[in-house]
Amino acid sequence: MIRRILALVKKEFLHLKGDWWLPAFMLFGGALELLAIGWATSRPITNLPLMIWDMDRTAASRNLVISLENTGVFALTEPAKSMETIENLMDRGEINAAVIIPHGFSNEIETIGGHPVLQVILNGAESIPAREALRAVKGVVRSLDEKITIDRLGIDPDLFKGFDFSLRVWFNEALNEAYYTTPAELALMLEFTILIFAALTFSREREFGTLEQLLVMPFSSIEIIIGKSIPVILVGMFDFTLMLGVVHFAFNVPIRGSGLLLFGLAFMYTLVELGKGMAISVFSKSQHQAFLLVFMVGMIDFLFTGYAAPVESMPKIIQYLAYFVPAHHWLNIMRGITLKGSTILDILPNILFLLVLGLVIGFFSLRYIRKALD
Amino acid sequence: MSFRHLWAVIRKELQHILRDRGTFILVLVTPTLVLLLMTYSLAVKIQHVPIALLDYDQSATSREFIHQITAGDDLDLYQNAVSMSEIEDLLIKGKIKAAIIIGPKFSEDLLAMRGLSLQIIIDGTEPETGGFAVDHIGWRAEAFANDILADQILVNGISLDSLEPIDLRIRSWYNPSLEPRVDIVPGLLSIVLGFPAFSVALTLAREHEHSTMEQLLATPVRRIELLLGKMIPYILAGLVNVIVIPVIAMAWFNVPFNGNFLEFLLLSAIFLFAELSMGMVIGVFMKSQSAALALSFLVVLFPGFFLTGIFFPIASLPEMARMESMFLPGTHYAIITRGVFLPGIGIDALWPYAIMLIVLGLAFTGIAALFFKKKLA
Amino acid sequence: MEKEFIKITDLTRKFKDNVALDSINLTIQEGELFGLVGPDGAGKTTLLRTLAGLLRITGGEVREAGCELHKNSESIKPKIGYMAQEFSLYGKLSVLENLQFFGEMYDVSPSLQKERIPGLLAFAQLTEFTDRRAAKLSGGMKKKLALACTLLHQPPILLLDEPTTGVDPVSRREFWNILNDLHLQGTTIIVSTPYMDEADRCSQVGLIYQGKIVECDSPENIRQKVGGEFIKVVTHDWQKAREIIQPLKGVLEVQTYGEALHILVDSANKRIGQIQKSLHKAKLDILEIRVIKPRMEEAFISLIRKIDQTK
Numbered sequence: 001m002i003r004r005i006l007a008l009v010k011k012e013f014l015h016l017k018g019d020w021w022l023p024a025f026m027l028f029g030g031a032l033e034l035l036a037i038g039w040a041t042s043r044p045i046t047n048l049p050l051m052i053w054d055m056d057r058t059a060a061s062r063n064l065v066i067s068l069e070n071t072g073v074f075a076l077t078e079p080a081k082s083m084e085t086i087e088n089l090m091d092r093g094e095i096n097a098a099v100i101i102p103h104g105f106s107n108e109i110e111t112i113g114g115h116p117v118l119q120v121i122l123n124g125a126e127s128i129p130a131r132e133a134l135r136a137v138k139g140v141v142r143s144l145d146e147k148i149t150i151d152r153l154g155i156d157p158d159l160f161k162g163f164d165f166s167l168r169v170w171f172n173e174a175l176n177e178a179y180y181t182t183p184a185e186l187a188l189m190l191e192f193t194i195l196i197f198a199a200l201t202f203s204r205e206r207e208f209g210t211l212e213q214l215l216v217m218p219f220s221s222i223e224i225i226i227g228k229s230i231p232v233i234l235v236g237m238f239d240f241t242l243m244l245g246v247v248h249f250a251f252n253v254p255i256r257g258s259g260l261l262l263f264g265l266a267f268m269y270t271l272v273e274l275g276k277g278m279a280i281s282v283f284s285k286s287q288h289q290a291f292l293l294v295f296m297v298g299m300i301d302f303l304f305t306g307y308a309a310p311v312e313s314m315p316k317i318i319q320y321l322a323y324f325v326p327a328h329h330w331l332n333i334m335r336g337i338t339l340k341g342s343t344i345l346d347i348l349p350n351i352l353f354l355l356v357l358g359l360v361i362g363f364f365s366l367r368y369i370r371k372a373l374d
Numbered sequence: 001m002s003f004r005h006l007w008a009v010i011r012k013e014l015q016h017i018l019r020d021r022g023t024f025i026l027v028l029v030t031p032t033l034v035l036l037l038m039t040y041s042l043a044v045k046i047q048h049v050p051i052a053l054l055d056y057d058q059s060a061t062s063r064e065f066i067h068q069i070t071a072g073d074d075l076d077l078y079q080n081a082v083s084m085s086e087i088e089d090l091l092i093k094g095k096i097k098a099a100i101i102i103g104p105k106f107s108e109d110l111l112a113m114r115g116l117s118l119q120i121i122i123d124g125t126e127p128e129t130g131g132f133a134v135d136h137i138g139w140r141a142e143a144f145a146n147d148i149l150a151d152q153i154l155v156n157g158i159s160l161d162s163l164e165p166i167d168l169r170i171r172s173w174y175n176p177s178l179e180p181r182v183d184i185v186p187g188l189l190s191i192v193l194g195f196p197a198f199s200v201a202l203t204l205a206r207e208h209e210h211s212t213m214e215q216l217l218a219t220p221v222r223r224i225e226l227l228l229g230k231m232i233p234y235i236l237a238g239l240v241n242v243i244v245i246p247v248i249a250m251a252w253f254n255v256p257f258n259g260n261f262l263e264f265l266l267l268s269a270i271f272l273f274a275e276l277s278m279g280m281v282i283g284v285f286m287k288s289q290s291a292a293l294a295l296s297f298l299v300v301l302f303p304g305f306f307l308t309g310i311f312f313p314i315a316s317l318p319e320m321a322r323m324e325s326m327f328l329p330g331t332h333y334a335i336i337t338r339g340v341f342l343p344g345i346g347i348d349a350l351w352p353y354a355i356m357l358i359v360l361g362l363a364f365t366g367i368a369a370l371f372f373k374k375k376l377a
Numbered sequence: 001m002e003k004e005f006i007k008i009t010d011l012t013r014k015f016k017d018n019v020a021l022d023s024i025n026l027t028i029q030e031g032e033l034f035g036l037v038g039p040d041g042a043g044k045t046t047l048l049r050t051l052a053g054l055l056r057i058t059g060g061e062v063r064e065a066g067c068e069l070h071k072n073s074e075s076i077k078p079k080i081g082y083m084a085q086e087f088s089l090y091g092k093l094s095v096l097e098n099l100q101f102f103g104e105m106y107d108v109s110p111s112l113q114k115e116r117i118p119g120l121l122a123f124a125q126l127t128e129f130t131d132r133r134a135a136k137l138s139g140g141m142k143k144k145l146a147l148a149c150t151l152l153h154q155p156p157i158l159l160l161d162e163p164t165t166g167v168d169p170v171s172r173r174e175f176w177n178i179l180n181d182l183h184l185q186g187t188t189i190i191v192s193t194p195y196m197d198e199a200d201r202c203s204q205v206g207l208i209y210q211g212k213i214v215e216c217d218s219p220e221n222i223r224q225k226v227g228g229e230f231i232k233v234v235t236h237d238w239q240k241a242r243e244i245i246q247p248l249k250g251v252l253e254v255q256t257y258g259e260a261l262h263i264l265v266d267s268a269n270k271r272i273g274q275i276q277k278s279l280h281k282a283k284l285d286i287l288e289i290r291v292i293k294p295r296m297e298e299a300f301i302s303l304i305r306k307i308d309q310t311k
């Protein structure tokens, strides 16, 4: 039986040689995309075009402008001369925010009991940068508030120091953006790679008409399934290793937990997605359809992994459903082991869920596939 | 160029789209489905962030503080911890995203105006929740402190007013509540219209796979007739989406549409021309459908997602990525859609982007025509 | 009638490391029904595709109906009706829609299409299937549809790549009747076929083997070029019979056809007795033994064998 399985595996790899792009895509596509996208996205938000209309033109207002620049979030544009300019540029999306310093700003600062006015207009058409811009502006305003109050009232500056709290960031002390994004992107890429590859296994044969031939040969359906699974598993694990390398070496994301555990769980996850992929593959009538289904499933899973937004922020129903998505648990495992140094006990619930899901998916897939093959 | 040939190819493609279930779904159903999915999974407002509290003070003040912190929807109290190791455990297990540790002398220090004895620990592994927690806890803490101290401060001759002298007036144009959906949904339009682009890449590959390419190439049809004839039906299909999706956006997601719809249709058609001709280039080089799809994913979908400025502002991208994004039709169209939906501007302001799209479209079509040989080998 | 309607000079075409066409020289006259015969992989499809302008000409020259394909292969396309070996019509389109599509592509005006299509459908016996999707036709009907699509614009040249392969014998006969009619109407037809009996129905036959034209002549002449006569022998054990007959003097070649042996001898009169005697000696019953006229098949196999022997 092993010999027959090996023969099948060999055939799969030979087949792939013909369509060389498929293994190339599988093996390197994920890693390359990860590299490219990780590089482009693990950056803090900076260089947001900010337009300032300084109607005061005093030392104080100029200091304010410098403080805004120093936040590192903005790239100052030409100073504004009129509201119309601001409106035009904002409409066209060329600036993310505008700050208007009215005439008399400096005076109000000097006057005891005075309230200097500052206007900030955010471009709500890009809400993500807008929030960041608001945060930066608020920070500058807060510092200025403190300074003014201290100057006016001669209060001991330490009083205000006390109103700060101490902040500790765990797992990602440097607030490295790559820590947020790259493990999640890896999880996503891995899922897609395995699903696509697994989904193509049967649908390609069906499309080329060789599936019938396979079925009349003396292979038992189990042998066929194992024979087709092995290349996918190999490719999946190789891809994972490559991508982990990229994440670790190119983006400096640490692997604080047990590497062995990580690989072991990656293997388990590969099997789970393999099961899903194969079921899709038997179900699709053409490669085209298989791809589409993979994409749909992948996107749906993506929703539940909490990549872009935490699952807690979503409606309760979705939160419950998330427990049934293997990728959700896999992401927790990934983040846990790499960044938090989690041990088995820490991520036990995730592992258990993955295991159970895997068994259920595997069971149904196998039954389905065997029925379809027999 | 013979219009008769062009029309024959267009008609054949249209017949195919209508009769082939897979293509039909890909082109007319998938964009909307994916839009819905992406909106629900990505344009999410952060809320209900689970936190834990470790109260070493256990005073009336600290309890009041805890009450205030957890009052809204933004932060949820997951657990009242009793030890540091419990907090560690919760953080590692991912059950909480942030923890507040209230020092033993919290109320004492606060009332004596010695400061806030608080420590905030955040989980740095998730995008934004950490920062969100810090911001919101910070704001609440400050407000709380100011409240408590209002009387005290007055006694010292300072009014609460004076603690925050600057009157910061914030206005958010086009999207007053900075609701992510409002700006992301128009942007998503440029991503989901990539599906017709896939289909275009597929259509050439499909002719190869089904051998019809041979028969087709034997006829006097010219390359440009073939390429345009295959593109136009998908542009039309794309336009159907351009009509349906804004309706959904407005009705379901309450996204405002303030611009001129006819102008928008025109701009969308130009975008589709550019995007689909990009798909055409892929189709010319790939002889099998799966190869065409795979390449489309890599070159159209993923960059479309990350580099077009919808989720990651282009200004913040590294220089090279920024240049790359200029070559993606999606980037320019995202600016157009945002502009048309929210501020409601029109062609008079957006024409530079339309020109860019036309240029890209012509360039891609040119490349496709150049490399598409009317030969089997 | 133009003498050299299609003139191919030193046409060579390589694919990666195999030479598909090896310096082909061929002349076809206008109005001929030319049969291109050869085993799989001999180069038939490559040659037809080249004549259809589908392959770039990398060596040699092709002059076809006044066009110089080596300079501009697009020019020939309006003058040709090409039928590919694999079914290459649009499965999702109906019979009528396929015809209309190709009509448009060949610039046949709608009024002319209206005029010609009913006739074509009739003679391809597809009238009742006008609205059926092409994918749902039987193998024979598909081929007839493909043929109809090549005829709509009434081209002077037809290039048909194995048009009857995979088609039932009745449809095959009908197909050839159609081809004969077209031949009589003056169309120049080049047909490739693996069926030797079809080669007999052509006015000229070109035998192609390993990229070279081995023989190009009328069917009768080719049959006569065999250089010998054939004796047919049927026994109960053809393998044993072959062993016995092969080494005999004057036996040039032994071909097997099922249970029968077709033996090429230098002179039938001289050798037939000897063969009978040898078989009797080995206690083999002779069920049938007579002289037969060489068919294309025998001629072809014989010629191929000679080439292989000289290598």
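Protein chains in written order, with my numbering: chain A, 1 to 374; chain B, 1 to 377; chain C, 1 to 311. C-beta atoms are modelled at their ideal positions from N, C-alpha and C, and glycine is treated no differently. The structure presented is a predicted model; accordingly, all values stated were derived computationally and were not measured.
Around the beta carbon of residue 265(A), 16 or more other beta carbons sit within 10 angstroms, so the residue counts as buried. Counting along the chain, residue 62(A) sits inside the alpha helix (DSSP H) bounded by residues 59-70. At a beta-carbon threshold of 7 angstroms, none of the residues of chain A lie near residue 377(B); the nearest stands roughly 17 angstroms away. In this structure, residue 296(C) sits near residue 196(C), with a CB-CB distance shorter than 7 angstroms. Note that the C-beta distance between residue 107(B) and residue 147(B) is not below 7 angstroms. Around the beta carbon of residue 171(B), fewer than 16 other beta carbons lie within 10 angstroms, which makes this residue exposed. For a Cβ distance threshold of 8 angstroms, residue set 84, 86, 87, 88 of chain C lies close to residue 211(B), ordered along the chain. Using a 10 angstroms sphere on the CB of residue 219(C), the tally of other CB atoms reaches 16 or more, which defines it as buried. Interface residue (Cβ-Cβ distance to chain B less than 7 angstroms): residue 311(A) is not classified as such. In this structure, the beta-carbon distance from residue 41(A) to residue 312(B) falls below 7 angstroms. Taking 7 angstroms as the Cβ-Cβ cut-off, the stretch 9-27 of chain B approaches chain C at 12, 15, 16, 19, 20, given in chain order.
Put simply, of 374(B), 359(B), 314(B), 319(B) the residue whose alpha carbon is nearest the alpha carbon of residue 93(A) is 314(B).
According to the DSSP secondary-structure assignment, residue 35(C) is paired through a beta bridge with 191(C), 205(C). In summary, the residues of the stretch 170-190 of chain A whose CB is separated from some CB of chain B by less than 9 angstroms are 170, 171, 172, 173, 174, 175, 176, 177, 179, 180, 181, 183, 184, in the order they occur in the chain. Nearest CB-CB separation between residue 47(A) and chain B: below the 7 angstroms threshold.
Collapsing the DSSP output to three states places residue 50(B) in a strand.
The Cβ of residue 124(B) sits closer than 7 angstroms to at least one Cβ of chain A. 46(A) is the residue among 165(A), 251(A), 60(A), 46(A) whose C-alpha sits nearest the C-alpha of residue 71(A). In this structure, the beta-carbon distance from residue 86(A) to residue 98(A) falls below 7 angstroms. Ranked by Cα distance from residue 239(A), the options 23(A), 3(A), 361(A) are led by 23(A). Membership of residue 280(C) in the alpha helix (DSSP H) is indicated by the continuous run 268-281. Annotation for residue 257(A): 337, 341, 342 place their beta carbon closer than 6 angstroms to its own, counting only its chain and skipping 5 residues before and after.
Taking 4 residues as the shortest admissible run, the stretch 301-342 of chain A contains the following complete alpha helix (DSSP H) segments, listed from N- to C-terminal end: 316-322, 326-335.
Put simply, of 308(C), 230(C), 178(C), 282(C) the residue whose alpha carbon is nearest the alpha carbon of residue 272(C) is 230(C).
When C-beta distances to chain B are compared with 8 angstroms, the residues of the stretch 40-59 of chain C below that value are 49, 52, 53, 54, 55, 56, in chain order.
Listed in chain order, the non-local C-beta contacts of residue 75(A) below 6 angstroms within the same chain comprise 47, 49, local neighbours out to five positions each way being set aside. Straight-line spacing of the CA atoms in residue 84(A) and residue 174(B) works out to 16 angstroms. Residues of the same chain with a CB within less than 7 angstroms of the CB of residue 175(A), apart from the 5 flanking positions on each side, are 169 in chain order. Close to residue 251(B), with beta-carbon spacing below 8 angstroms, lies no residue of chain A; the smallest spacing is near 19 angstroms. The criterion of a C-beta distance shorter than 7 angstroms is not satisfied by residue 166(C) and residue 22(C). Under the 7 angstroms criterion on CB atoms, residue 218(B) is classed as interfacial with respect to chain C. Per DSSP, the beta bridge partners of residue 49(A) are 75(A).
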